Amino acid sequence: MQEEKEFIQELLNPKTQNLAFEKLLKKFQKPLYNHIRTIVLNHYDTDDVLQNTFVKVFRNLDKFKGDSKLFSWIYRIATNEALTFINQKAKKSGITSETLQSKAIDNLKADIYFDGNEIQIKLQKAIAQLPEKQQLVFKMKYFEELKYEEISEILGTSVGALKASYHYAVKKIEAFVTTN
Amino acid sequence: MKTFKLDTTPKIESGFKTPENYFDTFSAKVMQQIPNQEPKIISLFSKNKSWIYAAAAVLVLALTLPIAYNN
C-alpha cells in the first residue's frame, strides 16, 4: 500500500509525472488491452479505446482520490470507455448494441487478429445472449481470470452477487453451446 | 446430445491476437498525446522587460559614476 501511495505521489508531482506515467503505461497496457478487447472484440477499435483510456487517466490524475486502488480506478475508466464506444458506434450505425456485437462476432472469422476456431466463436455467440453486466462478469472471470474481489472493486458489485451472476452465465452458456 | 460443461472443458482461449510489436510502440503513441512537462526557460525576449531595464540602469551607473567622480 505504501508503494502505491509513493507511486501516486510521483504521478501527481509535475517533476516526476511523465516518467511515472510511462511506468503506468507499461504496467497496464497489456491487461487493459485484453480487458477492452473482450468488450469491443476488434483490434483497431481496442487500440482507439485503449489510447483514449490512458489519455483520460492522465487528464484525471488530479481527481484520483486514492480511496480505491489505482488498478480498479483505471479498469473502471477502461470499462466505461469501451462500453461508451460500442454504444456510440451502434447509435452512429442506427442499430442496437446487440446487433453490433452480433456483427462483430460474425466478422471474427475473417479477422487477421483472431486465430480462434469454431468453439471460440460459438462461445462468443453464447456470451452475447447474456445481459450486458453478466457478459462483463463472465469475461472478466473466465478470459481475464480476475479475482472476484478485483471484479467487485471495478464494477462496484458485491462478491456474492458476482458469484451468482457468473454461475447463471455459465449455465446459460453451457445450454447454448449444447443446443447449437 | 453431449452436454457442454465449461468446467470440464479445457480452457477456451479468447483467440484474440495483436499485431507484431504492437505493445513495443504503444506507449510512445500515448506519450505523444500527453503534454510535455518542460522546465521554464526565461527568455531574453520575454514580455517582462523590467529586469533588462534594471540591469541596464546598473550598467549605466557603473560606467558614469567613475566619470562623475573623476570630474
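In order, the protein sequence lines correspond to chains L and X.
Just so we're on the same page, our numbering is the position in the first sequence counted from 1, plus 21.
Just so we're on the same page, our numbering is the position in the second sequence counted from 1, plus 24.
Even glycine gets a Cβ: it sits at the ideal position worked out from N, Cα and C.
Note that the coordinates shown come from a computational prediction; the quantities given were computed from them, not determined experimentally.
By the criterion of a C-beta distance shorter than 7 Å, residue 174 of chain L is surrounded in its chain by 89, 90 and 93, once the five residues flanking it on both sides are discounted. Looking at the DSSP output, residue 135 of chain L bridges to X:40. Within chain L, the residues whose beta carbon sits less than 8 Å from that of residue 27 of chain X are 195 and 199, listed in sequence order. Only buried fits residue 68 of chain L, as 16 or more other CB atoms lie within 10 angstroms of its CB. Under the Cβ distance rule, residue 49 of chain L does not count among the residues neighbouring chain X, no pair being separated by less than 8 Å. Contact annotation: residue 134 of chain L and residue 53 of chain X have beta-carbon atoms that are not nearer than 8 Å. Between the alpha carbons of residue 185 of chain L and residue 155 of chain L lies a gap of roughly 10 Å.
In this structure, the alpha-carbon of residue 169 of chain L lies about 9 Å from that of residue 179 of chain L.
With the rule of 3 Cβ pairs closer than 8 Å, the segment 125 to 143 of chain L counts as touching the segment 30 to 47 of chain X.
Not one beta carbon of chain X lies nearer than 8 Å to the beta carbon of residue 106 of chain L. Ranked by Cα distance from residue 98 of chain L, the first of L:110, L:76, L:118 and L:48 is L:76.
Around the beta carbon of residue 73 of chain L, 16 or more other beta carbons sit within 10 angstroms, so the residue counts as buried. Between residue 106 of chain L and residue 70 of chain L, the gap from beta carbon to beta carbon is short of 8 Å. In the structure shown, the three-state DSSP call for residue 193 of chain L is helix.
Residue 59 of chain L is a Cβ neighbour of residue 164 of chain L, given a cutoff of 8 Å. One thing to note: residue 198 of chain L has its Cβ within 8 Å of the Cβ of residue 147 of chain L. DSSP places residue 52 of chain L in the helix class (H, G or I) of the three-state scheme.
For residue 108 of chain L, the enclosing alpha helix (DSSP H) stretches over residues 91 to 114.
In the three-state reduction of the DSSP assignment, residue 123 of chain L falls in the helix class, which pools H, G and I. If you look at residue 26 of chain L, you'll find it in the alpha helix (DSSP H) that goes 23 to 33. For residue 177 of chain L, the three-state secondary structure derived from DSSP is coil.
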